[in-house]
Structure formats: C-alpha cells, structure tokens
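Data first, discussion second: the structure below is written as structure tokens.
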Amino acid sequence: MDFLDHHIRSISISTGNFIGIIVGQTIGDFIVEANKSKISPDMLPGKIEQLRSHPGVWIWLLTIAISYVIGFLIEKAYQKYK
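Its first residue numbered 216, the sequence shown is counted upward by one per residue in my numbering.
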C-alpha cells in the first residue's frame, strides 16, 4: 500500500470537516445562547467570559478526530477483506 493511497481516510476527514463546521457552529451558538441567561451582574468577569465563549472550534476538532478514527477503521477492515 502506498503512503498516499488513503482514499477512504481522506474522504472521511473531508466529510468530518464539513459536518464539524455545521454542527460546531450550530451547537456552539445554542450553548452560547443558553449560557447568556445564566449571566448575572454580580458575577466575576472570568466567569462571564467563560459563559460567553463559543465552543464551536472544539466540537469541530472533535468531529474531525472521530471521523478520522472511523475512516481508519473502515480502511483497515477493507484491507483485511481485500
């Protein structure tokens, strides 16, 4: 097997990237909106900033990592039966 011949893994990473962008933005926006109601005037500035932070990039990266593992496992299973 050639080093650059990882088509299944490449497709899974690309798909994970696309899905991760959409899911990360959507869920991240939902979490930020849900956390806005928890902010009160007597909170510490650090806690306010923590509640305002958008977790979309972490969701995106996690989606890419999961899709890579799935692609890796599919590729190994495909090679086993080939």
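The beta carbon of each residue, even a glycine, is placed where N, CA and C say it ideally should be.
*Flag this pair as yes or no: are the beta carbons of W275 and I226 separated by less than 9 Å?*
As a first step, residue 275 must be located in the sequence shown, where it is residue number 60. As a first step, residue 226 must be located in the sequence shown, where it is residue number 11. Going by C-beta atoms, W275 is not nearer than 9 Å to I226.
*Runs of alpha helix (DSSP H) wholly within the stretch 228–270 (minimum 4 residues, chain order)*: Within the stretch 228–270, the complete alpha helix (DSSP H) runs of at least 4 residues are 260–267.
*Considering only residues of the same chain and omitting the five flanking positions on each side of G286, which have a CB-CB separation below 6 Å?*
Position 71 of the sequence shown, counting from 1, holds the residue named residue 286. Same-chain partners within the cutoff: I223, R224, S227.
*asked:* Taking 9 Å as the threshold (C-beta atoms), are P270 and G239 in contact?
replied: To locate residue 239, count along the sequence shown from 1; it is residue 24. To locate residue 270, count along the sequence shown from 1; it is residue 55. Yes, the Cβ-Cβ distance between G239 and P270 is below 9 Å.
*Residue from L266, E290, K297 with nearest C-alpha to D220*: Position 5 of the sequence shown holds residue 220. Considering only alpha carbons, the answer is E290.
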